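Notes follow once the structure below has been shown.
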Amino acid sequence: MKIKYIWNDSFTSNDFEREINKFIKGKKIVDIKFQPTRGGAGVPMLFALVMYEDETVKREKVQLSKHVADWLDHCKSSSRSLQYAIDHATAYKENNPVAAAYLARGDEHLLTFVRAWFEGFTIENNKENGVCDQNPAENQQKENP
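Take any residue in the sequence shown, note its place counting from 1, add 4, and you have its number in the numbering used here.
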């Protein structure tokens, strides 16, 4: 997955929409997020993050421990956002301490979680972190699209 950052610093809203449509034409779009903000002098601005598939690169699904995968599945099945999944895993550590510890380990783990959210994942047997799933052979075969 790739991400393109587009902002309307010098565009009118119609130009901004045209710029986004021009960029996404012919691409497999995963998601588009819009965010209002303020520029240097307090000038209102809008930016878009366009997440899209790079058709030339096929990556394997990332692996997550069962506890982290359960948290991701819970959030998605409850129609929660990715931001909610990240914020609440770390803010409410007692709900899922393994997921909270995983996300607190830094950007690489956070990126893996984001990729799992959008691209799917497989469940690993995570012995090195003291977390061992009860049926490792069974869990290694489970995939999440």
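For every residue, glycine included, the Cβ atom is placed at its ideal position computed from N, Cα and C.
From a predicted model like this one, the values you see are computed outputs, not experimental measurements.
#1: Apart from the five residues just before and just after D111, which ones in its own chain have a Cβ nearer than 6 Å to its Cβ?
#2: Okay, do the region 117-124 and the region 73-85 touch, 3+ Cβ pairs below 8 Å being the bar?
#3: Label L115 either buried or exposed according to how many other C-beta atoms from any shown protein chain fall within 10 Å of its C-beta, with 16 as the threshold for buried.
#4: Drop a sphere of 10 angstroms on the beta-carbon of A95, count the other beta-carbons inside from all chains shown, and report buried for 16 or more, exposed for fewer.
#5: Which residue or residues does DSSP assign as beta-bridge partners of D35?
#6: Which residue from V66, F125 and K70 puts its Cα closest to that of P101?
#7: What residue range does the beta strand (DSSP E) around T47 cover?
#8: Taking the DSSP output, what are the residues bridged to Y9?
#9: Name the residue from E64, A52 and L86 whose alpha carbon lies nearest to the alpha carbon of K8.
#10: Just the Cα atoms here: how many angstroms apart are K26 and A104?
#11: Using only CA atoms, which one of E128, K31, S17 and R63 lies nearest to L50?
#12: Quick check: what's the CA-CA separation for K32 versus E57?
#13: Just tell me which of K62, M55, W11 and I127 has its CA closest to the CA of T41.
#14: What separation, rounded to the nearest whole angstrom, lies between the Cα atoms of A73 and A45?
Walking through what the data contain:
#1: Translated into positions along the sequence shown, residue 111 becomes position 107. Counting only Cβ-Cβ distances below 6 Å, and skipping sequence neighbours, we find nothing.
#2: yes
#3: The residue labelled residue 115 in the question sits at position 111 within the sequence shown. By the 10 Å Cβ count, L115 comes out exposed.
#4: Along the sequence shown, read from residue 1 onward, the residue named residue 95 stands at position 91. With fewer than 16 other Cβ atoms within 10 Å, it is exposed.
#5: Taking the first residue of the sequence shown as position 1, residue 35 is located at position 31. According to DSSP, D35 bridges with M55.
#6: Counting from one through the sequence shown, the residue named residue 101 turns up at place 97. Comparing Cα-Cα distances from P101 to each of V66, F125 and K70, the minimum goes to K70.
#7: Residue 47 sits at position 43 when you count from the first residue of the sequence shown. Just to set this straight, residue 47 is Val in the shown sequence, not Thr. Looking at the DSSP string, V47 is not in any beta strand (DSSP E), and its letter there is neither H nor E.
#8: The residue given as residue 9 occupies position 5 in the sequence shown. According to DSSP, which records beta bridges pairwise, Y9 is partnered with L53.
#9: Numbered from its first residue, the sequence shown carries residue 8 at position 4. Taking only the C-alpha atoms, the option nearest K8 is A52.
#10: As a first step, residue 26 is located in the sequence shown; it is residue number 22 there, counting from the start. As a first step, residue 104 is located in the sequence shown; it is residue number 100 there, counting from the start. K26 and A104: Cα-Cα distance of roughly 39 Å.
#11: For the purposes of this step, residue 50 is taken as the residue at position 46 of the sequence shown. Per the Cα distances, S17.
#12: Indexing the sequence shown from 1 puts residue 32 at position 28. Indexing the sequence shown from 1 puts residue 57 at position 53. Roughly 5 Å between the two C-alpha positions.
#13: As a working mapping, residue 41 is identified with position 37 in the sequence shown. Answer by Cα proximity: W11.
#14: Here residue 73 corresponds to residue number 69 of the sequence shown, with the count starting at 1. Here residue 45 corresponds to residue number 41 of the sequence shown, with the count starting at 1. Distance between the alpha carbons of A73 and A45: 43 Å.
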